[in-house]
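A short write-up of the structure that comes next.
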Amino acid sequence: MDKDLIRENERVDDLQNGYYVIQDPQKFCFGMDAVLLSGFARVKKGERVLDMCTGTGIIPVLLCAKTPGERFVGMEIQQECAEMAGRSVRLNHLQERVQIIQGDIREAAQLFGAASFHVVTCNPPYMIGQHGLQNPDMPKAIARHEILCTLEDVVSQAARVLTDNGRFYMVHRPFRLAEIMNVLIRYRLEPKRMQLVHPYIDREPNMVLIEARKGGNSRIQVEKPLIVYERPGVYTQEIYDIYGMEGV
1267 MDKDLIRENE
1277 RVDDLQNGYY
1287 VIQDPQKFCF
1297 GMDAVLLSGF
1307 ARVKKGERVL
1317 DMCTGTGIIP
1327 VLLCAKTPGE
1337 RFVGMEIQQE
1347 CAEMAGRSVR
1357 LNHLQERVQI
1367 IQGDIREAAQ
1377 LFGAASFHVV
1387 TCNPPYMIGQ
1397 HGLQNPDMPK
1407 AIARHEILCT
1417 LEDVVSQAAR
1427 VLTDNGRFYM
1437 VHRPFRLAEI
1447 MNVLIRYRLE
1457 PKRMQLVHPY
1467 IDREPNMVLI
1477 EARKGGNSRI
1487 QVEKPLIVYE
1497 RPGVYTQEIY
1507 DIYGMEGV
């Protein structure tokens, strides 16, 4: 491992699949939502993938590891995060398949051109207005609250950069599900698959995974709920499978 790529206050997390990601706990670390999105997304051989709001670059790295996609691009507006994600790409020697670009997703179509990706993924900021306390630490606040981009920004740009019949994958919060569906349909991204994620079998869902297809017909498949914990501290077998780990 090239330790010259690691900066002060950073750590290297083992993804348990032969790859690693650099993180700075003082700024922002990836969560389970990003891992679940990488497990939900489907990428075929030869496809080009754009990950919006890439943060640490975890989703491009995971998708590169587990799918036959040809090219993965992570786009991140925060320069420090983008630079760190780029070092993770170099740490894993993935430069030929993964690229990190620092930029504003609201300019994605202008930067990449229309119909330039087969797949777009996004783990966007969830919170609007007074939903949740806004983190006083700006990098974390930007990752969690709609400060620099909105849901409509994400969806509208995804629709522009996707090819016809291209697929958009997103993880979000169920309390915004009606709004999400409305915005997707408005931009001709037809919802095709949905899965609710519950922390425990008897708790209400706290995440939703959605696949939408550009120009698709109106028909959605609701998959069985994904339960995270069998009991406190112990994942269900489905979660161990997504993480590529053996259960206990």
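Taking this note's numbering, I'd label the letters of the sequence shown as residues 1267 to 1514. C-beta: ideal position from N, C-alpha, C; glycine also.
Cβ of Glu1336 within 7 Å of Cβ of Thr1320? Here residue 1336 is taken as the residue at index 70 of the sequence shown, counted from 1. Here residue 1320 is taken as the residue at index 54 of the sequence shown, counted from 1. Contact flag unset, no.
Pick out the complete beta strand (DSSP E) segments inside the region 1454-1514, 3 residues or longer, and give them in chain order. DSSP runs (the beta strand (DSSP E)) wholly in the region 1454-1514: 1455-1464, 1473-1480 and 1495-1497.
Residue range of the unbroken beta strand (DSSP E) whose run includes Glu1336: For the purposes of this step, residue 1336 is identified with residue 70 of the sequence shown, where counting begins at 1. Counting along the chain, Glu1336 falls outside any beta strand (DSSP E), and DSSP gives it neither H nor E.
Grouping DSSP H, G and I as helix and E and B as strand, with all else coil, what is Asn1283? Within the sequence shown, residue 1283 is the residue found at index 17, counting from 1. In the structure shown, Asn1283 sits in coil (DSSP, three-state: anything other than H, G, I, E or B).
Mark Asn1275 as exposed unless 16 or more other C-beta atoms lie within 10 angstroms of its C-beta, in which case mark it buried. On the sequence shown, position 9 is the one that residue 1275 refers to. The residue is exposed, with fewer than 16 neighbouring Cβ atoms inside 10 Å.
Simplified DSSP state of Gln1344, which is helix, strand or coil: Residue mapping note: residue 1344 aligns to position 78 of the sequence shown, counting from 1. The answer is coil: DSSP assigns Gln1344 none of H, G, I, E or B.
Given Pro1491, which residues of its chain have a CB within under 6 Å of its CB, disregarding the five upstream and five downstream residues? Numbered from 1 along the sequence shown, position 225 holds the residue referred to as residue 1491. Correct list, in chain order: Leu1462 and His1464.
What does the alpha-carbon distance come out to for the pair Thr1322 and Val1355? Taking the first residue of the sequence shown as 1, we reach residue 1322 at position 56. Taking the first residue of the sequence shown as 1, we reach residue 1355 at position 89. About 10 Å.
Are the beta-carbon atoms belonging to Glu1489 and Arg1433 less than 7 Å from one another? Sequence index remark: in the sequence shown, residue 1489 carries index 223 (1-based). Sequence index remark: in the sequence shown, residue 1433 carries index 167 (1-based). The answer is no: Cβ separation not under 7 Å.
Local conformation of Val1385 per DSSP, three classes: What you label residue 1385 is simply residue 119 of the sequence shown in a count that begins at 1. Strand at Val1385.
What residues in its chain sit with their C-beta under 7 Å from that of Thr1416, if we drop five residues either side in the sequence? Start at 1 with the first residue of the sequence shown, and residue 1416 comes out as number 150. Taking C-beta separations shorter than 7 Å and ignoring five residues to either side along the sequence, Thr1416 has no partners in its chain.
Here's the rule I'm using: 16 or more other beta-carbon atoms within 10 Å means buried, otherwise exposed. How should Asn1483 be labelled? Numbered from 1 along the sequence shown, position 217 holds the residue referred to as residue 1483. That one is exposed.
To the nearest angstrom, report how far apart Leu1455 and Asn1448 are at their CA atoms. Mapped onto the sequence shown, residue 1455 falls at position 189. Mapped onto the sequence shown, residue 1448 falls at position 182. The alpha-carbon atoms of Leu1455 and Asn1448 are separated by roughly 10 Å.
By alpha-carbon positions, which one of Phe1306, Arg1426 and Cys1330 ends up nearest to Ile1505? Your numbering for residue 1505 matches position 239 in the sequence shown. Out of Phe1306, Arg1426 and Cys1330, Phe1306 has the C-alpha closest to the C-alpha of Ile1505.
By a C-beta neighbour count over all protein chains shown, 10 Å radius and 16 as the cutoff for buried, is Asp1280 buried or exposed? One-based indexing of the sequence shown puts residue 1280 at position 14. Exposed: under 16 other Cβ atoms inside 10 Å.
Cβ-based neighbour list, Gly1510, same chain, cut-off 6 Å, excluding 5 preceding and 5 following: Working through the sequence shown from its first residue, we reach residue 1510 at position 244. Residues Gln1282 and Asn1283 of the same chain have their beta carbon placed closer than 6 Å to that of Gly1510, with the five preceding and five following residues left out of the count.
Residue range of the beta strand (DSSP E) that includes Gly1528: Limits of the chain in this structure are 1267 at one end and 1514 at the other, which puts residue 1528 out of reach.
Could you tell me which of Gln1365, Leu1328, His1359 and Gly1369 sits nearest to Gln1344, measuring between CA atoms? Here residue 1344 corresponds to residue number 78 of the sequence shown, with the count starting at 1. Ranking Gln1365, Leu1328, His1359 and Gly1369 by Cα distance to Gln1344 puts Gly1369 first.
How is Phe1294 classed by DSSP in three states: helix, strand or coil? Taking the first residue of the sequence shown as 1, we reach residue 1294 at position 28. Secondary structure of Phe1294 (DSSP, three-state): strand.
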